[in-house]
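Undergrad:
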Amino acid sequence: MQTQLQIIGFILIVLALVHIAFPKYFDWQNGLKSLSLINKQIFQVHTFFIAFTVFLMGLLCITSAEQLITTSLGKTISLGLGIFWSVRLLFQFFVYSPKLWKGKTFETSVHIVFTLLWIYLSTLFLFIYFQ
Numbered sequence: 240m241q242t243q244l245q246i247i248g249f250i251l252i253v254l255a256l257v258h259i260a261f262p263k264y265f266d267w268q269n270g271l272k273s274l275s276l277i278n279k280q281i282f283q284v285h286t287f288f289i290a291f292t293v294f295l296m297g298l299l300c301i302t303s304a305e306q307l308i309t310t311s312l313g314k315t316i317s318l319g320l321g322i323f324w325s326v327r328l329l330f331q332f333f334v335y336s337p338k339l340w341k342g343k344t345f346e347t348s349v350h351i352v353f354t355l356l357w358i359y360l361s362t363l364f365l366f367i368y369f370q
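In structure tokens, the structure reads:
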């Protein structure tokens, strides 16, 4: 289980670092032009803090895997992380429109990969709490 958490930690750090490419890949320079300055900056700041939080989750999993599994506080943190990723999984289906990925090979592949990742994260963290 400890190894699984460390693997998750590395995956989460990579996921956080991928956010660096988002502005260019999604053409935010043009896409955000119509937003007011405050909305544009809120969007950018929230994206940064999501990536930063995911990075810190990864770091926690790498450096404190044993504590997440064996201590009461660690199990409580694992419950919180399990709920967090379970809600993210729900958003995958009920917030993002299927129009974003249906009928598009690359986008469908990404949708499937991230759905499986959210299931993996949710299951592992909740398993730690309930074991």
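Sequential numbering from 240 applies to the sequence shown in the working numbering. Ideal Cβ placement from N, Cα and C applies to all residues, glycine included.
Identify, in the order they occur along the chain, each residue of the same chain with its Cβ nearer than 7 angstroms to the Cβ of residue 321, setting aside the five sequence neighbours on each side.
TA: 361, 364, 365 and 368
Undergrad: Just checking my contact of residue 313 with residue 248 at CB under 8 angstroms: how many whole Å lie between their CB atoms?
TA: About 14 angstroms separates the two Cβ atoms, so there is no contact after all.
Undergrad: Counting beta carbon pairs with one atom in the region 337–346 and one in the region 277–297, are three or more of them shorter than 8 angstroms?
TA: Contact between the region 277–297 and the region 337–346 is not established, with fewer than three Cβ pairs separated by less than 8 angstroms.
Undergrad: Determine the direct distance from the alpha carbon of residue 359 to that of residue 250, and round the result to whole angstroms.
TA: 11 angstroms
Undergrad: If we ignore side chains and look at the alpha-carbon of each, how far apart do residue 286 and residue 280 end up?
TA: 10 angstroms
Undergrad: Could you round the C-beta distance between residue 300 and residue 370 to whole angstroms and report it? I think they count as a contact, below 8 angstroms.
TA: About 16 angstroms; that fails the 8 angstroms criterion.
Undergrad: Confirm, please, whether the CB-CB distance from residue 316 to residue 307 is below 8 angstroms.
TA: yes
Undergrad: Give me, in chain order, the residues of the same chain whose beta-carbon lies closer than 8 angstroms to that of residue 274; leave out the 5 immediate sequence neighbours on both sides.
TA: Here the set comprises 282.
Undergrad: Please classify residue 304 as buried or exposed, where buried requires at least 16 other C-beta atoms within 10 Å of its C-beta.
TA: buried
Undergrad: Taking C-alpha atoms, which residue in 288, 302, 255 and 264 lies nearest to residue 242?
TA: 302
Undergrad: Give the DSSP-derived three-state secondary structure of residue 275 in the structure shown.
TA: coil
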